[in-house]
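Every letter in the sequence shown is one number past the one before it in the UniProt record's numbering, and letter 137, counting from 1, is 137.
Glycine included, C-beta positions come from ideal geometry on N, C-alpha and C.
Contents: one structure, followed by commentary.
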Amino acid sequence: KPVTARAQLPRAAHTGGLGNAQTKQLQTAVSNVEKHFGELCQIFAAYVRKTARLRDKADLLVNEINAYAATETPHLKLGLMNFADEFAKLQDYRQAEVERLEAKVVEPLKTYGTIVKMKRDDLKATLTARNREAKQLTQLERTRQRNPSDRHVISQAETELQRAAMDASRTSRHLEETINNFERQKM
């Protein structure tokens with residue numbers, strides 16, 4: 001029997017920089033961000049709404065104090081109007097707080113819904129590529145067992161495995177890059 005040389009092809013477990021444990025860790029991290037950032041977003045949004053309502057009530061209070069001041073003696077009127085003016089200035093600070101929280105906290109947290117969905121899609125693509133590679137490896141081994149002398153079929157199976165391995169490696173690298181960016185954005 002002639003001895004056929006078999007090309008050493010990468011195993012499914014060695015497709016890129018990410019192993020199964022790392023992939024599970026990334027899935028957990030994405031799920032945690034989805035859960036906790038969603039909660040944070042809801043709570044901050046509620047806080048901003050309540051702060052805005054408090055500001056609105058304070059504005060009503062300022063208007064009522066000014067209305068009352070108009071009916072009083074000049075000395076009391078001056079004191080009430082000064083108080084209303086200072087209280088209105090406090091509400092200007094509260095308005096600035098509402099605007100800053102909305103722009104700097106709530107809006108960035110809202111974007112994480114889309115970001116998490118994209119990261120889940122990246123994880124899914126990586127897992128699909130890995131599964132395809134493992135399937136191609138199994139198919140190659142099965143082909144070698146069934147038809148050890150048919151070089152054409154074995155060569156095609158090896159080529160498919162190489163394509164699957166390259167695809168799995170590429171998606172793993174892409175996933176690593178996007179997860180690194182994701183981690184930087186969280187900070």
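- Below 7 angstroms CB to CB, which residues in the same chain sit around V105 once its five sequence neighbours on both sides are set aside? F44
- Task: Measure the C-alpha to C-alpha separation of S172 and E107 and round it to an integer number of angstroms.
- Result: 30 angstroms
- Query: Roughly how many angstroms separate the alpha carbons of Q145 and L127, rounded to a whole number?
  - Reply: C-alpha separation (whole angstroms): 27 angstroms.
- Applying the criterion that 16 or more other CB atoms from any shown protein chain within 10 Å of the CB defines a buried residue, is R130 buried or exposed? buried
- Task: List the whole-angstrom C-beta distance separating R49 from R94, where the pair is believed to meet the contact cut-off of C-beta under 8 angstroms.
- Result: Not confirmed; about 13 angstroms, so no contact.
- Message: Could you compute how far the alpha carbon of A88 sits from the alpha carbon of R53?
- Response: 14 angstroms
- Of the listed residues V98, S149 and L61, nearest to L80 (C-alpha basis): L61
- Message: Going by DSSP, what residue range makes up the alpha helix (DSSP H) through K50?
- Response: Run containing K50: N20 to A69, per the alpha helix (DSSP H) assignment.
- Query: Using the C-alpha atoms, what's the distance from L175 back to D59?
  - Reply: The C-alpha of L175 is placed about 51 angstroms away from the C-alpha of D59.
- Task: Report all residues from its chain with a CB closer than 6 angstroms to the CB of residue 200; omit the five preceding and five following residues, and keep chain order.
- Result: For the chain, the structure presents residues 1 to 187; residue 200 sits outside this window and is missing.
- Message: Please identify the residue among L137, N63, I115 and Y47 whose C-alpha is closest to the C-alpha of E99.
- Response: Y47
- Counted within 10 angstroms of its Cβ, other Cβ atoms place L137 as buried (16 or more) or exposed: buried
- Message: Check whether the segment 22-34 and the segment 111-121 are in contact - that is, three or more C-beta pairs closer than 8 angstroms.
- Response: yes
- Query: Just the Cα atoms here: how many angstroms apart are T77 and F37?
  - Reply: It is worth fixing the name first, because residue 77 is Lys in this sequence and not Thr. Whole-angstrom Cα-Cα distance: 49 angstroms.
- Item | Residue range of the alpha helix (DSSP H) that includes E107 | E107 to R146
- Query: For E160, which residues of its own chain have a beta-carbon under 8 angstroms away from its beta-carbon, when the five flanking residues on both sides are left out?
  - Reply: Q136, Q139 and L140
- Can you tell me where the alpha helix (DSSP H) with D150 in it begins and where it stops? Segment: none, D150 is in no alpha helix (DSSP H) and carries neither H nor E.
- Query: What is the C-beta distance between I65 and A84, in whole angstroms, given that I count them as a contact (C-beta under 8 angstroms)?
  - Reply: 4 angstroms
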